[in-house]
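Input: a single structure, listed below in structure tokens.
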Amino acid sequence: MSHNDIGDIMANLHSAISFGLVNIPIVYNPVIKNNDTTFNQLHKKCLNRIHYQKYCDHCKKIVKESELVKGYEYEKGEYITFTKEELSNMQVDLKDSIEIVSFVPENEIDSYYYEKSYILTTSKKSKAYSLFLEALKKSKKVAVAKTTIGTKFYYVLLKYFEGNILMSTIYFEEEINVPATTIEAKFSKKELDLAMKLIEHLSGHFTPNEYQDDYQKQIKDAINDKINGQEIPKKTKKKKASIKDLVTSLQKSLEV
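Heads up: the sequence shown at position 71 corresponds to 1554 in this note's numbering, and the numbers run straight through without jumps.
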């Protein structure tokens, strides 16, 4: 199951924040929705849907779902297996609970740790929710908590956001892959001045509605064209000018 699928499942589901001995009922509201156009695979000859079947090369037969077990390959061709019950017994028991473990300054958390976000609201007036929200706002800290979404265990961050609680799942340290060192090269003052001028030339304000998904727009337009019997025109790629000199590249960029 993809993370987007999990997000769709979590919409409007209920849980509770555990703040010490205080229990705060909340409702999940995914911030992000999947905008991608989905396609089905069809048999080119007859345009019928293709169905996938689980096939065992050793037994030379199609295998039923009830005949499957999960296996981990610890050596080439060697597996240990787990039953659904064994895997279920190892799941962290945090169903319907978001358990706070600490409060930390938000500026200590690098942006690459953030994964997916939800707005946590209440289904009715709650003094505990309002109190916790105001405490988050006044403390200027974020709560680190642990929970499960679907069957997966997560650490999450809870923060004040425009009158609601914003919950963001975060990646674990072992999932982060940031290069330890950066190779630095020398540059001239003129090159830096031109780079700063280019930044100024391209500066503006963050207006999200200006940033559209060009690829998805083209897909949707093409779908409408095909439905109406129109052909999709071929696109010719523009060749980018190759300028090896850095100063010249920067100067030419300012002319655009």
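Glycine included, each C-beta is placed from N, C-alpha and C at the ideal position.
Keep in mind that this is a model prediction, so the values were computed, not measured.
- Going by C-alpha positions, Tyr1511 is about 26 Å away from Glu1591.
- Within 10 angstroms of the beta-carbon of Met1650 lie 16 or more other beta-carbons, which makes it buried.
- Fully enclosed beta strand (DSSP E) runs of no fewer than 3 residues are not present anywhere in the region 1513-1542.
- Boundaries of the alpha helix (DSSP H) harbouring Asn1707: Asp1697 to Ile1710, taken from the DSSP string.
- For a cut-off of 8 Å, the C-beta gap from Lys1547 to Leu1570 is around 19 Å, too long to register as a contact.
- Between Ile1653 and Ile1581, the CB-CB gap reaches or exceeds 9 Å.
- According to the DSSP assignment, Asn1647 belongs to the beta strand (DSSP E) that extends over Asn1647 to Ile1653.
- Ser1622 is classed as exposed because its beta carbon has fewer than 16 other beta carbons within 10 Å across all chains shown.
- Residue pairing by DSSP places Ser1498 opposite Ile1509 in a beta bridge.
- With respect to the 9 Å criterion, Lys1642 and Glu1589 are classified as neighbours on the basis of their beta carbons.
- Going by C-alpha positions, Tyr1698 is about 42 Å away from Phe1565.
- When beta bridges are read from the DSSP output, Glu1582 appears opposite Ser1501 and Lys1629.
- The Cβ-Cβ distance between Phe1670 and Leu1577 does not fall below 9 Å.
- Assigned with DSSP and collapsed to three states, Ile1682 falls in helix.
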